[in-house]
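Only one structure is covered here, and it is reproduced in the block below.
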Amino acid sequence: MTRLFKDGLLPKAVLVVSKGTRWEYLRTKLSRSIRLHQNSYSQEEIEKELEKNLINQSLPYERIKKSHDTHHTSLKKIVRGIKGSWKDCTVRVIRAHNLELADLERVDAVFTAGGDGTVLQ
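Take 0 as the starting number for the sequence shown in numbering that gives the first Met the number 0 and just add one per residue.
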């Protein structure tokens, strides 16, 4: 796994554990509801329906969507930074709710990517 060089340990395998965003949660919830009612919608139609639902509930649609986009932009920067710093390193990203103990085997480092500074479980 890890190689030791005079400037320190260089990981060969890194796992990035990402939180799910509120936007993803609400979109998944709406998608399940639509499927329960036997309706067929494209992802674009689901997102438009989600936008309409959030606005109708007086929820901050723009802020929720921007937070989602910011999270994914940051996640891409984290992965790019790891790959740029450790050339031979493989990086895997997994959602926190999908994380299993087996995912932690054979990795040298684990990074968490969440939006508000809280530690992922």
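We put the beta carbon where it would ideally sit given N, CA and C, even for glycine.
Check for me: the beta strand (DSSP E) holding Ser66 runs from which residue to which?
The continuous stretches of beta strand (DSSP E) do not include Ser66, which lies in the alpha helix (DSSP H) extending over residues Tyr60 to Ser84.
Is Ser17 helix, strand or coil when you go by DSSP?
strand
Once you ignore the five residues that flank Asp102 on each side, which residues in its own chain have a CB closer than 7 Å to its CB?
Sequence-distant partners of Asp102 (beyond 5 residues in either direction) whose C-beta falls short of 7 Å from its own C-beta, in its chain, are Leu14 and Ile93.
So what does Ile93 bridge to, in DSSP terms?
Val16
Considering only C-alpha positions, which residue in the set Glu23, Ala112, Thr111 and Phe110 is nearest to Ile63?
If we check each option's Cα against that of Ile63, Glu23 comes out closest.
In or out: Lys18 buried (at least 16 other Cβ within 10 Å) or exposed?
In this structure Lys18 is buried. Its beta-carbon is surrounded by 16 or more other beta-carbon atoms within 10 angstroms.
Bridge partners of Ala108, per DSSP?
Val13
Among Ser66, Pro59, Gly80 and Arg26, whose alpha-carbon lies nearest the alpha-carbon of Lys47?
Arg26
Out of Trp85, Lys65 and Val90, which one is the CA nearest neighbour of Lys75?
Val90
Once DSSP output is grouped into helix, strand and coil, what is the label at Asp87?
Three-state DSSP puts Asp87 in coil, outside helix and strand.
Provide the residue span of the alpha helix (DSSP H) that contains Gln42, from first to last.
Run containing Gln42: Gln42 to Asn55, per the alpha helix (DSSP H) assignment.
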